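Structure, as structure tokens:
Number of protein chains: 2
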Amino acid sequence: MSDLLHIPGPRGAAPSVEIRDALFEGFAKVAQALAHPTRLHLLGLLDYAEHPVEKLVEQTGAQFASVSAHLKVLREAGLVRSRREGRRIVYSIAHAEVPSLIHSLRQLSAIALPEIRLLVETHYRDHEVIEGVDAAEKLLAQIQRSRCLVIDLRPHEEFQRAHLPRARSFPLQELGDRLHEIPRDKPVVAYCRGPFCLAALRGVRLLLGAGYQARRLAMSVGDWARAGLPLKT
Amino acid sequence: MSDLLHIPGPRGAAPSVEIRDALFEGFAKVAQALAHPTRLHLLGLLDYAEHPVEKLVEQTGAQFASVSAHLKVLREAGLVRSRREGRRIVYSIAHAEVPSLIHSLRQLSAIALPEIRLLVETHYRDHEVIEGVDAAEKLLAQIQRSRCLVIDLRPHEEFQRAHLPRARSFPLQELGDRLHEIPRDKPVVAYCRGPFCLAALRGVRLLLGAGYQARRLAMSVGDWARAGLPLKT
DNA sequence: ACAATATTCCAATATTCTTTATAATATTTG
DNA sequence: CAAATATTATAAAGAATATTGGAATATTGT
Numbered sequence: 476m477s478d479l480l481h482i483p484g485p486r487g488a489a490p491s492v493e494i495r496d497a498l499f500e501g502f503a504k505v506a507q508a509l510a511h512p513t514r515l516h517l518l519g520l521l522d523y524a525e526h527p528v529e530k531l532v533e534q535t536g537a538q539f540a541s542v543s544a545h546l547k548v549l550r551e552a553g554l555v556r557s558r559r560e561g562r563r564i565v566y567s568i569a570h571a572e573v574p575s576l577i578h579s580l581r582q583l584s585a586i587a588l589p590e591i592r593l594l595v596e597t598h599y600r601d602h603e604v605i606e607g608v609d610a611a612e613k614l615l616a617q618i619q620r621s622r623c624l625v626i627d628l629r630p631h632e633e634f635q636r637a638h639l640p641r642a643r644s645f646p647l648q649e650l651g652d653r654l655h656e657i658p659r660d661k662p663v664v665a666y667c668r669g670p671f672c673l674a675a676l677r678g679v680r681l682l683l684g685a686g687y688q689a690r691r692l693a694m695s696v697g698d699w700a701r702a703g704l705p706l707k708t
Numbered sequence: 476m477s478d479l480l481h482i483p484g485p486r487g488a489a490p491s492v493e494i495r496d497a498l499f500e501g502f503a504k505v506a507q508a509l510a511h512p513t514r515l516h517l518l519g520l521l522d523y524a525e526h527p528v529e530k531l532v533e534q535t536g537a538q539f540a541s542v543s544a545h546l547k548v549l550r551e552a553g554l555v556r557s558r559r560e561g562r563r564i565v566y567s568i569a570h571a572e573v574p575s576l577i578h579s580l581r582q583l584s585a586i587a588l589p590e591i592r593l594l595v596e597t598h599y600r601d602h603e604v605i606e607g608v609d610a611a612e613k614l615l616a617q618i619q620r621s622r623c624l625v626i627d628l629r630p631h632e633e634f635q636r637a638h639l640p641r642a643r644s645f646p647l648q649e650l651g652d653r654l655h656e657i658p659r660d661k662p663v664v665a666y667c668r669g670p671f672c673l674a675a676l677r678g679v680r681l682l683l684g685a686g687y688q689a690r691r692l693a694m695s696v697g698d699w700a701r702a703g704l705p706l707k708t
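Here it is, written out as structure tokens:
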């Protein structure tokens, strides 16, 4: 086995141990960029939409200089890119693979870390949840047969960019005042920004409290698309 | 951290900021566990097979106490588990999602980080590569029609645990001495432990040097299985 | 050109992580 | 029960990261 790691490279190239170590260092650099709660928060926000630094500061509640430093780390790891727009600098996700990696990270964390597992069990399991590709495919069939009503709880802009087929936009803030627009004859499925989205929790609780038969789709629109299911844009 | 466990449930005032922060801290803890070259090396080794600490020390070349400390970090992040076996303590991957996350991390790194991209371009592109699910499916069809010969370059034990359909075992160390067993009438596809495996590079170069029409499958057996393709066990 | 704005850069401090040597623990062997 | 073995735990030094306030930079608007 150790032979494999000490093979000479082709005609005077770097020895393979050095290549291997350089690879691991690179992978670690990317992992390191993910290894801070604020940076994960930033990536989460940027997954919804691109944002100028100011917005990110406001959303995360961290110091301006601190957010700027974190963004630098993310930029140097190639996870985000920035462009100037007037006096603003607008950040966005650099590659489609980034949200996908973060999704894997979150999913694994919910399995591997007892503290997260407990958190999910206590806060996300007081209602019926639709999760996994199989369940999503079944849901799609139900949607197409008009057997249920799909409610998108995200802000209007995100809804407009892409949403589930036949979904109707009820941003969480408006939901309480617009319940009369939601018919009571069909079961309701609400979704928001993904399996850990807290807005989705509140929306489902609100609907359940108002007597609806409500479930939560524990997938983001991105997850839905990655599962190969259709979106409306 | 114990604060996290005392958040009032949905009945009380829901301090969703605290839940959110607790989630991000958990995710960051898992990411942090990945954020060191030695730990990524350890996870890579454990993905091939479970190992006692001694073996891991030997393979990584790090100090014993250092490896032990890294293993502790991985254990506390829920990524590996350990069991005692006599006087040895044997480590293994704790969840099937772990190799999958690492695969995503590596893949993204190869896209996002210029230094890795360069490394891959200079060291892994002197021969034809088969990568991606589509190409793998085509390869499977070719294998099933006996249009090519598949060579597994990993150690015997790993071959025996699982390998591609019709693959033949030629551990890299033996390959040079056993070339006469490989017919020259068909193109050869060699694979080893994944897209960054250095042994696979050596094997393909050796075959090319011996006049074979050789390509490299840039997937691990695990990747192959995750793509939904069949394995022989 | 000057003031206002948005962001990055810098330097100092505090914090966390890594390594190393050494001590402690648990298991097997004699 | 003592010695040998494999591993973990501890403590101290050194390295890397994170935070903060303030200075520097680049752009826009007057």
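Sequence lines, in order, name chains H and Y. The numbering used here puts the first sequence at residues 476 to 708. The numbering used here puts the second sequence at residues 476 to 708. Cβ coordinates follow ideal geometry from the N, Cα and C atoms, glycine included. Everything numeric in this text was worked out from a predicted model, so none of it was measured.
**Request:** Spell out whether any CB of chain H is found under 9 Å from the CB atom of A544 of chain Y.
**Result:** If you number the second sequence from 1, residue 544 of chain Y lands on position 69. By this cut-off, A544 of chain Y is not an interface position.
**Request:** Within its chain, find whatever has a CB closer than 7 Å to the CB of H578 of chain Y; leave out the 5 residues flanking it on each side and keep chain order.
**Result:** To locate residue 578 of chain Y, count along the second sequence from 1; it is residue 103. Counting only Cβ-Cβ distances below 7 Å, and skipping sequence neighbours, we find D698.
**Prompt:** chain H partners of E500 of chain Y, CB-CB under 8 Å?
**Reply:** Counting from one through the second sequence, the residue named residue 500 of chain Y turns up at place 25. Result: P512.
**Message:** For A587 of chain Y, would you say it is in contact with chain H, using Cβ-to-Cβ distances shorter than 9 Å as the test?
**Reply:** Translated into positions along the second sequence, residue 587 of chain Y becomes position 112. It does: the Cβ of A587 of chain Y has a partner Cβ on chain H nearer than 9 Å.
**Where A689 of chain Y sits in the DSSP three-state scheme** = Start at 1 with the first residue of the second sequence, and residue 689 of chain Y comes out as number 214. The answer is strand: DSSP assigns A689 of chain Y an E or B state.
**Prompt:** So, is the C-beta of V696 of chain Y closer than 9 Å to a C-beta in chain H?
**Reply:** As a first step, residue 696 of chain Y is located in the second sequence; it is residue number 221 there, counting from the start. No, no contact with chain H.
**Asked** Taking 9 Å as the CB-CB cut-off, is G519 of chain H touching chain Y?
**Response** Looking up residue 519 of chain H in the first sequence gives position 44. So yes, G519 of chain H belongs to the interface.
**Prompt:** Along the chain, which unbroken stretches of the beta strand (DSSP E) at least 3 residues long are found entirely within the stretch 609-695 of chain Y?
**Reply:** 624-627, 663-666 and 689-692
**Prompt:** Any idea which residues DSSP pairs V555 of chain Y with across the strands?
**Reply:** As a first step, residue 555 of chain Y is located in the second sequence; it is residue number 80 there, counting from the start. DSSP output for V555 of chain Y lists Y:I568 as bridge partner(s).
**Message:** If you reduce the DSSP assignment to three classes, tell me which class R701 of chain H lands in.
**Reply:** Here residue 701 of chain H refers to the residue found at position 226 when the first sequence is read from its first residue. In the structure shown, R701 of chain H sits in a helix (DSSP, three-state: H, G or I).
**Asked** Any idea which residues DSSP pairs H526 of chain H with across the strands?
**Response** Here residue 526 of chain H refers to the residue found at position 51 when the first sequence is read from its first residue. Bridge partners of H526 of chain H: H:Y566.
**Asked** Can you find a CB in chain H that lies within less than 9 Å of the CB of G669 of chain Y?
**Response** As a position in the second sequence, residue 669 of chain Y is number 194, starting the count at 1. For G669 of chain Y, the answer is no, since every Cβ of chain H falls outside 9 Å of its Cβ.
**Message:** Between V679 of chain H and R668 of chain H, how many whole angstroms is the CB-CB distance? I'm expecting something under 8 Å.
**Reply:** In the first sequence, counting from the first residue as 1, residue 679 of chain H sits at position 204. In the first sequence, counting from the first residue as 1, residue 668 of chain H sits at position 193. About 13 Å; that fails the 8 Å criterion.
**Item:** DSSP bridge partner residues for E603 of chain Y (one or two, in chain order)
**Value:** Position 128 of the second sequence, counting from 1, holds the residue named residue 603 of chain Y. Its beta-bridge partners are Y:R690.
**Prompt:** Going by other Cβ atoms of all chains shown within 10 Å of its Cβ, with 16 needed for buried, is S431 of chain Y buried or exposed?
**Reply:** Residue 431 of chain Y lies beyond the range of chain Y shown here (476 to 708); nothing can be said about it.
**Prompt:** With a CB to CB cut of under 8 Å and the five nearest residues on each side skipped, what residues in its chain are close to V505 of chain H?
**Reply:** Numbered from its first residue, the first sequence carries residue 505 of chain H at position 30. Counting only Cβ-Cβ distances below 8 Å, and skipping sequence neighbours, we find A552, G553 and L554.
**Prompt:** Are the C-beta of V532 of chain H and some C-beta of chain Y separated by less than 9 Å?
**Reply:** As a working mapping, residue 532 of chain H is identified with position 57 in the first sequence. No - not a single Cβ of chain Y is within 9 Å of the one on V532 of chain H.
**Asked** How is the alpha helix (DSSP H) around T597 of chain Y delimited, first residue to last?
**Response** Position 122 of the second sequence, counted from the start, is the residue given in the question as residue 597 of chain Y. Element bounds for T597 of chain Y: P589 to H598.
**Asked** Quick one, are the C-beta atoms of P662 of chain H and S695 of chain H less than 9 Å apart?
**Response** Numbered from 1 along the first sequence, position 187 holds the residue referred to as residue 662 of chain H. Numbered from 1 along the first sequence, position 220 holds the residue referred to as residue 695 of chain H. Cβ distance not < 9 Å, so P662 of chain H and S695 of chain H don't count as in contact.
**Burial state of K707 of chain H, where buried means 16 or more other Cβ atoms lie within 10 Å** = Translated into positions along the first sequence, residue 707 of chain H becomes position 232. The residue in question, K707 of chain H, is exposed, as its Cβ has fewer than 16 Cβ neighbours within 10 Å.
**Message:** Against G651 of chain H, what residues of chain Y qualify as contacts under a CB-to-CB distance less than 9 Å, listed in chain order?
**Reply:** Reading the first sequence from its first residue, position 176 is the one you call residue 651 of chain H. Correct list: empty, because the minimum Cβ distance to chain Y is about 15 Å.
**Message:** Strictly below 8 Å CB to CB, what residues from chain H border I568 of chain Y?
**Reply:** To locate residue 568 of chain Y, count along the second sequence from 1; it is residue 93. The premise fails here: I568 of chain Y is roughly 10 Å from chain H at the closest Cβ pair, so nothing lies under 8 Å.
**Asked** Is the beta carbon of A497 of chain H less than 9 Å from the beta carbon of A510 of chain Y?
**Response** Stepping through the first sequence from its first residue, residue 497 of chain H is reached at position 22. Stepping through the second sequence from its first residue, residue 510 of chain Y is reached at position 35. No, the Cβ-Cβ distance between A497 of chain H and A510 of chain Y is not below 9 Å.
**Request:** Report back the beta-carbon spacing between L576 of chain H and L580 of chain Y to the nearest angstrom; my notes put them in contact at under 8 Å.
**Result:** Residue numbering aside, residue 576 of chain H sits at position 101 when the first sequence is read from its first letter. Residue numbering aside, residue 580 of chain Y sits at position 105 when the second sequence is read from its first letter. Correct: roughly 6 Å between the Cβ atoms.
**Asked** Beta-carbon of H638 of chain H versus every beta-carbon of chain Y: anything under 9 Å?
**Response** One-based indexing of the first sequence puts residue 638 of chain H at position 163. With 9 Å as the cut-off, H638 of chain H does not count as an interface residue toward chain Y.
**Request:** Grab me the residues of L647 of chain Y's own chain with a C-beta within less than 7 Å of its C-beta, minus the 5 sequence neighbours each way, in chain order.
**Result:** As a position in the second sequence, residue 647 of chain Y is number 172, starting the count at 1. Within the same chain, L647 of chain Y has close Cβ partners L628, A674, R677 and G678.
**Candidates H:G519, H:L549 and H:V548, of which the one nearest T535 of chain H by Cα** = Start at 1 with the first residue of the first sequence, and residue 535 of chain H comes out as number 60. Nearest option by C-alpha distance: H:G519.
**Asked** Where DSSP assigns a beta bridge to K504 of chain Y, which residues make up the other side?
**Response** The sequence position of residue 504 of chain Y within the second sequence is 29, counting from 1. Bridge partners of K504 of chain Y: none, in fact.
**Request:** State yes or no: is the beta carbon of L583 of chain H nearer than 9 Å to at least one beta carbon in chain Y?
**Result:** Reading the first sequence from its first residue, position 108 is the one you call residue 583 of chain H. By this cut-off, L583 of chain H is an interface position.
**Request:** Using a Cβ cut-off of 9 Å, pull out every chain Y residue sitting near R495 of chain H, in sequence order please.
**Result:** To locate residue 495 of chain H, count along the first sequence from 1; it is residue 20. The answer, in chain order, is H516, F671 and L673.
**Item:** Cβ of G553 of chain Y within 9 Å of any chain H Cβ
**Value:** Position 78 of the second sequence, counting from 1, holds the residue named residue 553 of chain Y. G553 of chain Y counts as touching chain H.
**Message:** Give me the chain Y residues within the contact set of E606 of chain H, using Cβ-Cβ distance strictly less than 7 Å, ordered along the chain.
**Reply:** If you number the first sequence from 1, residue 606 of chain H lands on position 131. The contacting residues do not exist; E606 of chain H stays about 14 Å from chain Y at best.
**Message:** Please determine whether the Cβ atom of G678 of chain Y lies at a distance below 8 Å from any heavy atom of the ligand GDP.
**Reply:** The ligand GDP is absent from the structure shown, which contains no ligand whatsoever.
**Message:** Does any residue of chain Y have a CB that is nearer than 9 Å to the CB of G484 of chain H?
**Reply:** Within the first sequence, residue 484 of chain H is the residue found at index 9, counting from 1. Residue placement at G484 of chain H cannot be trusted, given a pLDDT of 44 that sits under 50; the coordinates are not used to answer.
**Request:** Leaving out five residues on either side along the sequence, give the residues of the same chain with a beta carbon under 8 Å from the beta carbon of R592 of chain Y.
**Result:** Numbered from 1 along the second sequence, position 117 holds the residue referred to as residue 592 of chain Y. Excluding residues within five positions, the ones whose Cβ falls inside 8 Å are A585 and I586.
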